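Quick note, the sequence shown lines up with residues 83 to 323 if you use my numbering. Virtual Cβ for every residue (Gly too), placed ideally from N, Cα, C. If you're wondering where the values come from, they're calculated on a predicted model, not measured in any experiment.
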Amino acid sequence: MKVIAVRDYKEMSQTAAKTIIRLVKEKPDAVLGLATGGTVIGVYDELISDYARNETDYGHAHSVNLDEYVGLSSDHPQSYHSYMNEHLFQHINLPPEHCHVPQGDAEDPAQEAKQYDQLIAELDGVDLQLLGIGRNGHIGFNEPGTSFSSHTHLVELTASTREANARYFTSMNEVPTHAITMGIASILKSKRIVLLVSGEAKAAILAEVLQSDVTTSIPATVLKMHPDVTVIADQDALQVV
Ligand code: GLP
């Protein structure tokens, strides 16, 4: 795992955005693995302002998102699909039919998960997967204890993850209890992975990930088994290391 230490959130976002822009220029039909959460919003802002300035062309690119809440339709305001529309998709020329997010309101979530893996395989895999990290070390919604051989699957969210994400909902009761997430094995199939870590609240988990052996109790440690992972972390997140 290569660690790039940057000054702050802005520099982290710019560094990650540059990597994505370079990839799309080199490979116009790149498959971008995208994430949600607060950490990655700055990257999307940078991609949007680059698009406005340079018209970087996403017309042949595809995106596959890591996860979606079960029970929320794609147009539900708190769905990850709506998040992606708001923060990225509607601002660049990525064709809507190329933007893939698991369908949270699928009748059979297990079947939806299976089809999602097939879709990624049909796209010939993810070229670059962007990741954030949960405070318990989760990646996507792969909570501690998830098997490293897991493919896209249905998960029950832990109390701490639901609490951390409650800020986007009006009450805790509204926070979904389950999600569909790309599994650890699906994530590891990506050709390159970029993990972003920002802020004091992530300092303890980042130190654990960097110092610990690979263990299912800290899902992000599995990234040490992948040959091309770059962690971009800011000073606040690196303070315990
Ligand atoms: C959610 C998402 C993860 C994300 C994590 C961290 O649980 N499923 O993909 O990495 O939140 O979010 P934040 O960046 O807001 O701290």
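Here the segment 218-236 does not lie against the segment 310-321, with fewer than 3 beta-carbon pairs under 8 Å apart. Counting along the chain, no beta strand (DSSP E) covers ARG104; the unbroken alpha helix (DSSP H) around it starts and ends at 91-108. The DSSP assignment places no complete run of the beta strand (DSSP E) inside the segment 174-203 (cut-off: 3 residues). In this structure, the C-beta of LEU213 approaches ligand 1 to less than 8 Å from one of its heavy atoms. C-alpha of LEU292 to C-alpha of SER131: approximately 32 Å in a straight line.
Ligand 1 has no heavy atom closer than 8 Å to the beta-carbon of LEU210.
Residue state for ASP316 is assigned as strand, using DSSP reduced to three classes. Secondary structure at GLY115: strand, using DSSP grouped into helix, strand and coil. Taking 8 Å as the cut-off, the C-beta of ILE202 does not count as close to any heavy atom of ligand 1.
The residue from GLU282, SER272, ALA112, LEU176 with its alpha-carbon nearest to that of LEU148 is SER272.
Taken through DSSP and simplified to helix, strand or coil, ALA143 comes out as coil.
In the structure shown, the three-state DSSP call for HIS220 is coil. Excluding its 5 nearest sequence neighbours in each direction, PRO177 has no C-beta neighbour in its own chain below 6 Å.
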